[in-house]
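No gaps in the numbering here: position 249 of the sequence shown is 257 in this note's numbering, and each next residue is one more. All residues carry an ideal CB built from backbone N, CA and C; glycine is no exception. Report on one structure; see the data block that follows.
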Amino acid sequence: MLRLAKRFSSPSLSLSLLFSLLLGTPINSFANEESSSNKTTQTAPYHSFTGQISKNKVRMRLQPSLESPILRELNKGDLLLVSNEMEDFYAVQAPNDLKGYIFRTYVLDNVVEGNKVNVRLEPNVDAPIIAQLNSGDKVEGSVSPLNSKWLEINVPNNVYFYVAKDYVSNVGDSQYIHKLETRKNKASSLLADAKEQAYFELSKNYESMNLDNALYSLNQIVQGYQDLPEKVQEAKEVIQHIQDDYLKKKIAYLENVNHVGTKEQKVNPSKNVQEVNDRGNQFIKSSSSMSGAMSLWVPAENNYYQNWLKNNPNKTEDEFYNLQKENAIVIKGVVEPYQRVVKNRPGDYMLMQQDTNAPIAYLYSTKVNLEKFVGKKVSLQVAERPNHAFAFPAYFVLSAE
């Protein structure tokens, strides 16, 4: 019996297990009790979700404590992936733009050499430690532009930071933040392309400018990315900049036209400039009061009016469109949206044959909100416009019934 006790005197065995052997009690009866106890202490896996910050200057901390170091301040609308919770705090993954820094001496060929190597919030030894890496851990980084002795790396996925629950709202599942990030990237790309195209067109002289495509892309952002208010605001600011520059070029152009046309007739320059300003203000006002799709065509229509004005001096825009109505034709069909994003698109809508659904023409207007007629059979009074070599004729809609 002594030998048996000695044999099972390992520290890993409990006294209850030893007594069970001595008394003949089945071993698995205790094992089952221990397993049952473990089951009762297990908690259900935490369901991660996308959290949105509800106010400005919300602090993200290193630990779930108000005394913990502050890593950064978050603003209203910022999104975070919430992975767990601890008392009054949510544990969140690091934002994509948050970087960590590791001393270059401990990294060889993207592999960590050494244990408990600190990852810091900034490239200096006084910065807070946000994680530790061990020998064999792989990292991908680049030399920090702030301190060449440090590597800038992505924060490891198993590192969490903490935000007070009171300032975080559940706005979707864990995949929502990734979907929104994809939309942000798409909106940013669309915005960058539109700005580049707009500034290129604005560098041309007034008669050569064609801002239609740039404005169309910007309007896509304004209308289609309402869930990204910062992108919508940026697009609106670019549109305003385009309108301001367009108006300046228009004034300069008309002043030059008036100068050439008044060699034999004296005019009042200040009055003329005021008229141009009034027209420009009317242009901006009318653009803002239209639907997004309608306002995109204002520059194009203004160009048609200005070209007509060369042969019809001192005529108003109303007279231009009255003449268009006198020469208009009537076409009938069902209005449908034209949603292809292509260069030099000849319209925002298409007129389709009711019976066969075959295309008849491309449509746009600054006078009639065609969106109200989508899916309806209509009779349209139209004036022809360039179709830019597309398959069907293009028309400006003057009226609709």
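The three-state secondary structure of residue 118, taken from DSSP, is coil. Setting aside the 5 residues that flank it on each side, residue 222 is surrounded in the same chain by 202, 205 and 206, each with a C-beta closer than 6 Å to its C-beta; the list follows chain order.
Straight across, the Cα-Cα distance linking residue 173 with residue 182 is about 17 Å. No residue range can be given for residue 212, since it is assigned to no beta strand (DSSP E) and is classified by DSSP as neither H nor E.
Under the DSSP assignment, residue 167 falls outside any beta strand (DSSP E); it carries neither an H nor an E label. Counting the other Cβ atoms within 10 Å of the Cβ of residue 307 gives 16 or more, which makes it buried.
Rounded to the nearest angstrom, the Cβ distance from residue 236 to residue 187 is 12 Å, too far for a contact under 8 Å. Taking the C-beta atoms as reference points, residue 386 is found no nearer than 8 Å to residue 338. Collapsing the DSSP output to three states places residue 353 in coil.
In this structure, the beta-carbon distance from residue 157 to residue 118 does not fall below 8 Å. DSSP assignment within the region 147 to 196 yields the following whole beta strand (DSSP E) runs of 3 residues or more, N-terminal first: 149 to 151, 158 to 162, 168 to 172 and 176 to 181. Put simply, the region 360 to 370 touches the region 390 to 408. At least three CB pairs are less than 8 Å apart. The beta carbon of residue 86 sits closer than 6 Å to those of 61, all from its chain and outside the five residues before and after it, given in chain order. In terms of Cβ geometry, residue 108 and residue 161 form a close pair [threshold 8 Å].
Following the DSSP letters along the chain, one finds residue 108 inside the beta strand (DSSP E) bounded by residues 107 to 111.
In chain order, 120, 125, 126, 127, 128, 141, 147, 149, 158, 159 and 161 place their CB closer than 8 Å to the CB of residue 110, counting only its own chain and leaving out the 5 sequence neighbours on each side. DSSP places residue 372 inside the beta strand (DSSP E), whose first and last residues are 367 to 372.
In this chain, the beta strand (DSSP E) harbouring residue 404 covers 402 to 408. In the structure shown, the three-state DSSP call for residue 312 is helix. Around the Cβ of residue 101, a 10 Å sphere holds 16 or more other Cβ atoms; the residue is buried. Inclusion of residue 68 and residue 80 in the CB contact set at 8 Å is warranted, their separation being smaller than that value. Straight-line spacing of the CA atoms in residue 88 and residue 137 works out to 21 Å.
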